[in-house]
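Student: For reference, the structure I am asking about is given below.
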Amino acid sequence: MGVEVTVEGLTKSFGSQNIWRDVSLTLPAGEVNALLGPSGTGKSVFLKTLIGLLHPEQGSVIIDGTDITQCSAKELYEIRKLFGVLFQDGALFGSMSLYDNIAFPLREHTKKKEDEVRRIVMEKVELVGLAGAEGKLPGEISGGMRKRAGLARALVLDPQIILCDEPDSGLDPVRTAYISQLLIDINAEIDATILIVTHNINIARTIPDNIGMLFRKELVMFGPREQLLTSEQPVVKQFLSGDRFGPIGMSEEKDESVAAAEAAMQAAGISGGGTADDFSEIIPQVQPNPGMPVRKAAIRHRANVLGMLHTLPENAQHAIRNSIAEEDRRAAESPETSTTLVALSQTDFNDPNARFTGLPGGPEGVYVAPTDVHGNTAASAQTDVVARPDMAKTAVAQQPAGDDAFTQPIDTSAIETAIIDKSNGQGSNQA
Ligand SMILES: Nc1ncnc2c1ncn2[C@@H]1O[C@H](COP(=O)(O)OP(=O)(O)OP(=O)(O)O)[C@@H](O)[C@H]1O
Ligand SMILES: [Mg+2]
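In my numbering, the protein residues as written are 5 to 435.
Shown next, in the form of structure tokens:
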């Protein structure tokens, strides 16, 4: 399973230039996350801080229980093996062929024999559509090809955490769609925690489970994708619509006189160049290709989101309920192609007592409310589990007992067990 990354109170400056301060967020294990923000707000610096290439003045970055801002060089070296990183500029060695660039982490971090290295390298080369170009030097290929080579290199160690700095920059829209699909498929396959830095609104709308945004040296928000996409905050709305009118200017601080002049233009009906698209209309997330495993993180994400639902703004709550209903509707329509979706549960949020909701036409399985070991249904269940009744028993039995059982986050590992068994088509519980 992917690794949770917890950032707390992180502050980074270069000399007297503060880049961002007091950034706190958690990239939940195995979930796909996106970080947005105007150019120069420190997204790449944030990525490099997560892998310990840059050192913050304050705060912590906890990965797999280790604070990498405090650990020894040796510990950091070990932790780095968990990461696959696609740097913004690709960061390929200019004097090495693409093949050697992509093979580099395998030769550096593993004792694999050359024929095994070749098998893995060629597999990744094909995955990113570079077959035939592996003998070329980085200087002999296009920018988009370099980007894809960088991604292939980021993937060779089957990383548990994948950081991608603008995977789409330099790529045409079709290749961007392929790369996005690839990231979702990889997430389904290895349950890696993914952070994508991007300016691409289409990616932001369809790929991540969670989205954050940096602006004016702060993390404006970080949460379920519906929260940002339905946000009323002017900076978020402006960024999504790509309009020149709003708090974001050409340079970091927008001049007051410029802002006033623009407001007048806007009032006069002059276009700021942005799109009129309604981003609060949540479009479905990209799903793994048919034949790929269930995206386990999607299941955990749903449990997480339901747990925090009451803390979110009303329009985000509304959007999340609609997303879930839409996911379930699609799952019911074509269970065989919606592997992730059929594993997800359906929840009637409006009725505190109704825990059992059938999935019309769906696969076998029941919706089970989490109950404590005594069989009491939680007063406010945070999630429902879809599983065969015999499997669900295990999920339930592993919940903590006692009065505070459901003030604790649900132990989703138990839920996972049930769902994995189900997706394997096995009739009996493994536990
Ligand atoms: N090694 C460094 N030394 C000094 N300043 C740096 C260093 N790296 C980045 N910066 C500064 O940090 C700020 C944020 O840079 P960063 O590259 O993180 O922006 P970004 O959000 O990734 O922008 P873009 O969207 O254009 O890629 C910039 O002002 C940059 O000049
Ligand atoms: Mg950058």
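Yeah, the Cβ is synthetic: ideal placement off N, Cα and C, and Gly gets one too.
This one's a predicted model, so the numbers in the text were calculated from it and none came from an experiment.
(1) Distance check for Leu-110 and Lys-116, CA to CA, integer angstroms please.
(2) On the CB-based measure, 16 or more other CB atoms within 10 Å of its CB, does Asn-293 come out buried or exposed?
(3) So, is Ile-287 buried or exposed, given that buried needs 16 or more other C-beta atoms within 10 angstroms?
(4) Measure the alpha-carbon distance for Gly-276 versus Ala-263 and round it to whole angstroms.
(5) Near Gly-154, what residues of its chain come up, given a Cβ to Cβ distance below 7 angstroms and the 5 sequence neighbours on each side ignored?
(6) Can you tell me where the beta strand (DSSP E) holding Thr-180 begins and where it ends?
(7) Have a look at Leu-316 and Arg-123 and give me their C-alpha separation to the nearest angstrom.
(8) Can you confirm whether the segment 136-153 touches the segment 174-188 when touching is taken to mean that 3 or more C-beta pairs between the two stretches lie within less than 8 angstroms?
(9) If you measure between the beta carbons of Pro-437 and Ile-165, is that distance less than 8 angstroms?
(10) Cα-Cα, which of Ile-55, Asp-282 and Pro-60 is closest to Arg-25?
(11) Could you check which residue in Glu-130, Thr-45 and Leu-51 has the C-alpha nearest to that of Tyr-103?
(12) So, with DSSP's three-state summary, where would you put Gly-13?
(13) Can you give me the C-alpha to C-alpha distance between Lys-78 and His-203, rounded to a whole angstrom?
(14) For Leu-141, tell me which candidate among Asn-214, Ser-101 and Gly-44 has the shortest Cα-Cα distance.
(15) Is the Cβ of Leu-223 closer than 8 angstroms to any Cβ of chain C?
(16) Rounded to a whole number of angstroms, what is the C-alpha to C-alpha distance between Ile-328 and Asn-191?
(17) Distance check for Asp-162 and Ile-83, CA to CA, integer angstroms please.
(18) Per the DSSP calculation, Leu-31 is bridged to which residue(s)?
(19) Buried or exposed: where does Pro-177 fall if 16 or more other Cβ atoms within 10 Å of its Cβ makes it buried?
Tutor: According to the data block:
(1) 7 angstroms
(2) exposed
(3) exposed
(4) 12 angstroms
(5) Leu-90, Phe-91, Gly-94, Ala-95 and Leu-96
(6) That residue, Thr-180, is in no beta strand (DSSP E); its alpha helix (DSSP H) goes 177-194.
(7) Within the model, the alpha-carbon separation for Leu-316 versus Arg-123 is close to 47 angstroms.
(8) With three or more CB-CB distances shorter than 8 angstroms, the segment 174-188 counts as touching the segment 136-153.
(9) What the structure shows of the chain is the stretch from 5 to 435, and residue 437 is not part of that stretch, so it cannot be assessed.
(10) Pro-60
(11) Glu-130
(12) It is a strand residue.
(13) For Lys-78 and His-203, the distance between alpha carbons rounds to 35 angstroms.
(14) It is Ser-101 whose Cα lies nearest to the Cα of Leu-141.
(15) This model lacks chain C altogether, as it is built from one protein chain only.
(16) 20 angstroms
(17) 14 angstroms
(18) Val-9
(19) exposed
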